[in-house]
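See structure below.
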Amino acid sequence: MSNALVPITGAGGSSELAQLVSFSICNEEYGVEVLKVREIIRMTTITHMPNTPPYVEGVINLRGKVIPIMSMRKRFGLAETANDSQTRIIVIDIAGSLTGFIVDSVAEVIRITGSEIQPPPSMTSGGLEQEFIVGVVNRADRMLILLDPDKMLSRTEREYLGEC
Numbered sequence: 001m002s003n004a005l006v007p008i009t010g011a012g013g014s015s016e017l018a019q020l021v022s023f024s025i026c027n028e029e030y031g032v033e034v035l036k037v038r039e040i041i042r043m044t045t046i047t048h049m050p051n052t053p054p055y056v057e058g059v060i061n062l063r064g065k066v067i068p069i070m071s072m073r074k075r076f077g078l079a080e081t082a083n084d085s086q087t088r089i090i091v092i093d094i095a096g097s098l099t100g101f102i103v104d105s106v107a108e109v110i111r112i113t114g115s116e117i118q119p120p121p122s123m124t125s126g127g128l129e130q131e132f133i134v135g136v137v138n139r140a141d142r143m144l145i146l147l148d149p150d151k152m153l154s155r156t157e158r159e160y161l162g163e164c
């Protein structure tokens, strides 16, 4: 079996191999392509910025580079909890810019094939935009929701965060 990684293009019957970084938010498991993840760091001091959207926690200095930090719980409209020893910041490349996402914990890197990805269920209630959910992987005792970081933020939000 090849170790080559290919981007996940959505649900389909492909047998191409991909690797995902899995993480949890509010006891649900999510995954993003490992190629999008630049690094995973422990919680650090976040400098709060005025007049930012509620889900933007602020910015951090990561080796001389200022990176905006978002709360995934707030972004998904979930209840907030206190950060603990498992809380992590996943630094992800979104359209060429680095953005940090606070998650409850990071679990592992998972290998999947395209044929394991099922299309996301249609979610029309409440007018929620769910474009960033690209599929679901159902494995024995757990379900993993696949996210496309490039679709998690609108163009306006990406431009705004790029200015932080």
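The sequence shown begins at 1 in full-length UniProt numbering and counts up by one. For each residue, glycine too, the CB sits at the ideal point set by N, CA and C.
The region 77–97 in contact with the region 17–29 per 3-pair CB rule at 8 Å: yes
Cβ separation of L144 and F132, assumed to be a contact under 8 Å, to the nearest whole Å: As a working mapping, residue 144 is identified with position 144 in the sequence shown. As a working mapping, residue 132 is identified with position 132 in the sequence shown. Rounded, the Cβ-Cβ distance is 14 Å, inconsistent with contact.
Residue from E29, I25, L17 and E16 whose Cα sits closest to the Cα of R142: To locate residue 142, count along the sequence shown from 1; it is residue 142. Comparing Cα positions, the closest option is E29.
Proximity of Q118 and S105 at Cβ, strictly below 8 Å: Here the question's residue 118 lines up with position 118 in the sequence shown. Here the question's residue 105 lines up with position 105 in the sequence shown. For Q118 and S105, no; Cβs fall outside 8 Å.
Limits of the unbroken alpha helix (DSSP H) element including R63: Counting from one through the sequence shown, the residue named residue 63 turns up at place 63. Careful: R63 lies outside any alpha helix (DSSP H) and carries neither H nor E.
Spatial neighbours of I110 in its chain, beta-carbon cut-off 6 Å, leaving aside the 5 residues before and after: Position 110 of the sequence shown holds residue 110. L20 and S22, listed in sequence order.
Range covered by the beta strand (DSSP E) that runs through M143: Locating residue 143 in the sequence shown gives position 143, where the first residue counts as 1. Note, M143: beta strand (DSSP E), R142 to L147.
Boundaries of the beta strand (DSSP E) in which A107 is found, first to last residue: One-based indexing of the sequence shown puts residue 107 at position 107. Start and end: S105 to T113.
Sheet register partners of G77 (DSSP bridge): Locating residue 77 in the sequence shown gives position 77, where the first residue counts as 1. Answer is none; G77 lacks a bridge partner.
S125 burial status per 10 Å Cβ neighbour count (16 or more: buried): Position 125 of the sequence shown, counted from the start, is the residue given in the question as residue 125. Below a pLDDT of 50, predicted positions are generally treated as unreliable, and S125, at 38, falls in that range; the measurement from the model is reported next regardless. Its Cβ having fewer than 16 others within 10 Å, S125 is exposed.
Close Cβ partners of D150 (< 7 Å) along its chain, the five nearest in sequence each way excluded: The residue labelled residue 150 in the question sits at position 150 within the sequence shown. Here the set comprises I94 and A95.
Coil, strand or helix - M43 by DSSP: Along the sequence shown, one-based indexing puts residue 43 at 43. Coil, per DSSP.
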